[in-house]
Each structure stands twice: as structure tokens, then as C-alpha cells.
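Asks: Structure provided below as C-alpha cells; questions to follow.
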Amino acid sequence: MAVLVVVAMVGGGLGIGLASALGSRSSLDTATGDIRQSTRGMLFEAQEHLAAGRFEEAEQIYAAVVDTQPSNAEAHAYWGWIDFQRGDLDSAGERIATAVAADARYPPARVFGAVVALRTDRFEEAAAHLAVFDAVDPPPLMLELVADAELRERVLAGRLAAAEAAGDAAAVESLLADATSAHMATAARLLADRGQPVLAARLFGRAVEADPANVAALVGRGALLTSPDFAAFEDLLAEGMRALDRAVELAPDDPEARFWRGLALARLGLFGDALADLDHLAALPAPARLLSEGAQLAEQVRAAAATSR
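For the sequence shown, this note's numbering assigns the number 44 to the initial residue and increments by one for each residue that follows.
What follows is the structure, encoded as C-alpha cells:
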């Protein structure tokens, strides 16, 4: 089994690692004998080139496969993915569309199609690709990788933003009707990253309504409502602090909850309480980035506390 790891920029400057562990499967059901074996070997070799980042070598092999088997979905799909990696979105879309036409049930073509559609803000098209992907009973590893890449949540965030911009409240409600609290919380985070804090805050709120114990949603909503974007609204600030307090109550050792409540308390000038959260964070097995940011913030809070005496 060849393992290919590719890194895609899906939009909004966000990088996702999208990995596919695929053998050289095939749209080869009608091929026999030496041609079948030869094509399998060629596709396996192409996968190895891709895994090593040798795009030109892989492209040459895919071109040769397509020349002998124009309906080979794998060759078209991965050739299109190479185009995508190079930034040629038009060619990528055409090749992936050809792969889908050759085999509408080939999972990688649907995943690649969704990624390309996301990059170009064609959210309904991306949703259609993922709907087919889910319906064809894809391998568990591919399901896991799609989840890790947050493709479904990226599609949800894009569709919600488009519906919001169009003032289509019914579409918003329709999209949220089938969304879990976890999916809503992740989509809200993505919207916040895209510079849409108001929609993100509302979506975090819906996620909390769906699951009041969703710590990620509580932290996300609290972090937004206590940020400078909402500083003029005392009621929202109070609600944000309640959300952060509830998150810490539910998960005392959640690093994000401690960091964001510490930051919110520091903004309010409650330096002692802020340092209690940040010192607690420092003792947790948290990601290095968060520990570093927490340490820097704690240093700033201590300096501010010293000057305020």
C-alpha cells in the first residue's frame, strides 16, 4: 500500500494536511492480463513519486496511463491533484471532473473535488462531492483523514457565510438542522479565523444550545465575546465570562479554557485571577505553542500588576 501525504491550502490562508493511504486501485475492471498488471504497477510507481514530492515523474506516469486507458479515474484524479498543488485550479478542476465522470464512486476524486471547490468558494459543489463520498462507504482511514482535515466543517462554514450574506435565514436554519454541536463549534472557529466574529459568536452559541457541556464551544464563544470586537457591549462581555467560567468548571485542565479565561481576566484588570489561570496552564501537558503564549501573557500580566500597585 502506497502512502501519499499532500498538503493543501483550502482557503482563508489555512493549511491542512490531507493524507490518502491508497493502493493502486483501479477502474480496471475491463482490463486483463499484461495491460492490467502494467497499469497497476505504473500507478503504484506514480504514488511513490508523489509521496517523495516528485510531481513531474508522477505526472508523466499518469499521462501515460490516461493515454492507454482514458477512463482511468485514479490517474485523472491524482493528475488533477498535482495541478492543484501547483496552483493550476482550472486544470485541476477539469481533471478531477473527468475522474468523477469516469467513476463517480471513486472516493479520492470526491475528496479532491471538494478541496478544489472549497478553494474557489464553490461551497455547494464541495458539499455535493462530500455527500457522494459519504454515500459510497469509503475506507475508514479516508473518513478519518477527511475528519482531520475538517472538510465538512469548512463546507458548513462557507455555506453558512454565504447564506448569511444573502440574508437567507431559512437556509441557515436548514444547514444547522443537520449539524452536530461539535461540527458547529469547529465551523464557528473557522469563521472566526476568517474574520467573521459576529457569525462565529452566534454559531458558538447554537453549538452550546445543542450541547451545554461542549467545552470547545463554550471557550470559543467566551473568547470572542470577551475580545475587543465586543468590548462596547457589557452584557456580551458578562455572557462571555460566564461561558469561560463554565468551561473551566466542566474541564479544569483544559488548556484553551485556562488560557482564554486568563486573557479575559487580564483585560478586565483582574491580574491575580488571571495569573491563577495562567499558572495552572503552565503545569498542564498543553501544546508547546499554547504554553509559550501563556508564558508570555503571564509575564505581561505580572508586569502590569507590578505597575498598578
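Just so you know, even glycine gets a beta-carbon here, dropped at the ideal spot from N, CA and C. If you're wondering where the values come from, they're calculated on a predicted model, not measured in any experiment.
1) Please state the DSSP three-state secondary structure of Gln103.
2) For Thr229, does the count of other Cβ atoms within 10 angstroms reach 16, so buried, or fall short, so exposed?
3) Using a 10 Å radius around the Cβ and a threshold of 16 neighbouring Cβ atoms, would you call Arg97 buried or exposed?
4) With three or more C-beta pairs closer than 8 Å as the rule, is the region 174 to 190 touching the region 209 to 220?
5) May I ask which residues mark the beginning and end of the alpha helix (DSSP H) holding Gln343?
6) Could you tell me how far apart the beta carbons of Gly265 and Ala290 are, in whole angstroms, since I believe they sit closer than 8 Å?
7) Should Val241 go down as buried or exposed, given a rule of 16 or more other Cβ atoms within 10 Å for buried?
8) Counting along the chain, where does the alpha helix (DSSP H) carrying Gly263 start and finish?
9) Does the separation of the CB atoms of Leu268 and Ala286 fall below 8 Å?
10) Taking the alpha-carbon of Leu173 as reference, which of Pro181, Val154, Ala256 and Ala160 has the nearest alpha-carbon?
11) First and last residue of the alpha helix (DSSP H) that includes Ala178?
12) Just tell me which of Gly136, Pro255, Glu102 and Ala145 has its CA closest to the CA of Glu168.
13) Do Ala222 and Leu199 count as a contact pair if the criterion is CB distance below 8 Å?
14) Near Leu65, what residues of its chain come up, given a Cβ to Cβ distance below 6 Å and the 5 sequence neighbours on each side ignored?
15) Select from Phe87, His119, Leu132 and Val159 the residue whose C-alpha is nearest the C-alpha of Ala142.
16) How is the alpha helix (DSSP H) around Ser114 delimited, first residue to last?
17) With Val344 and Ala300 assumed to form a contact (beta carbons below 8 Å), what rounded beta-carbon distance in angstroms separates them?
Replies: Taking the definition as stated:
1) Here residue 103 is taken as the residue at index 60 of the sequence shown, counted from 1. Looking at Gln103 - three-state DSSP - the assignment turns out to be helix.
2) Residue mapping note: residue 229 aligns to position 186 of the sequence shown, counting from 1. Buried: at least 16 other Cβ atoms inside 10 Å.
3) Sequence index remark: in the sequence shown, residue 97 carries index 54 (1-based). Exposed is the call here.
4) no
5) The count along the sequence shown starts at 1 and reaches residue 343 at position 300. Note, Gln343: alpha helix (DSSP H), Ala331 to Thr350.
6) What you label residue 265 is simply residue 222 of the sequence shown in a count that begins at 1. What you label residue 290 is simply residue 247 of the sequence shown in a count that begins at 1. About 6 Å; that satisfies the 8 Å criterion.
7) In the sequence shown, residue 241 corresponds to position 198, counting from 1. Exposed: under 16 other Cβ atoms inside 10 Å.
8) Along the sequence shown, one-based indexing puts residue 263 at 220. Residues Val258 to Leu268.
9) For the purposes of this step, residue 268 is taken as the residue at position 225 of the sequence shown. For the purposes of this step, residue 286 is taken as the residue at position 243 of the sequence shown. A contact, by the Cβ cut-off of 8 Å.
10) The residue you call residue 173 lines up with position 130 of the sequence shown. Per the Cα distances, Val154.
11) For the purposes of this step, residue 178 is identified with residue 135 of the sequence shown, where counting begins at 1. Segment Phe166 to Ala178, the alpha helix (DSSP H) holding Ala178.
12) Taking the sequence shown and counting its residues from 1, the one referred to as residue 168 is at position 125. Residue Gly136 is the option with its Cα nearest to Glu168.
13) As a working mapping, residue 199 is identified with position 156 in the sequence shown. As a working mapping, residue 222 is identified with position 179 in the sequence shown. Yes, the pair counts as a contact, with Cβ atoms nearer than the cut-off.
14) Here residue 65 refers to the residue found at position 22 when the sequence shown is read from its first residue. Its pLDDT being 37, under 50, Leu65 is placed unreliably by the model, and nothing is read from it.
15) Taking the sequence shown and counting its residues from 1, one reaches residue 142 at position 99. Nearest C-alpha to Ala142: His119.
16) Counting from one through the sequence shown, the residue named residue 114 turns up at place 71. Looking at the DSSP string, Ser114 is not in any alpha helix (DSSP H), and its letter there is neither H nor E.
17) The residue labelled residue 344 in the question sits at position 301 within the sequence shown. The residue labelled residue 300 in the question sits at position 257 within the sequence shown. In fact, because the Cβ distance is near 17 Å, the residues do not count as touching under 8 Å.
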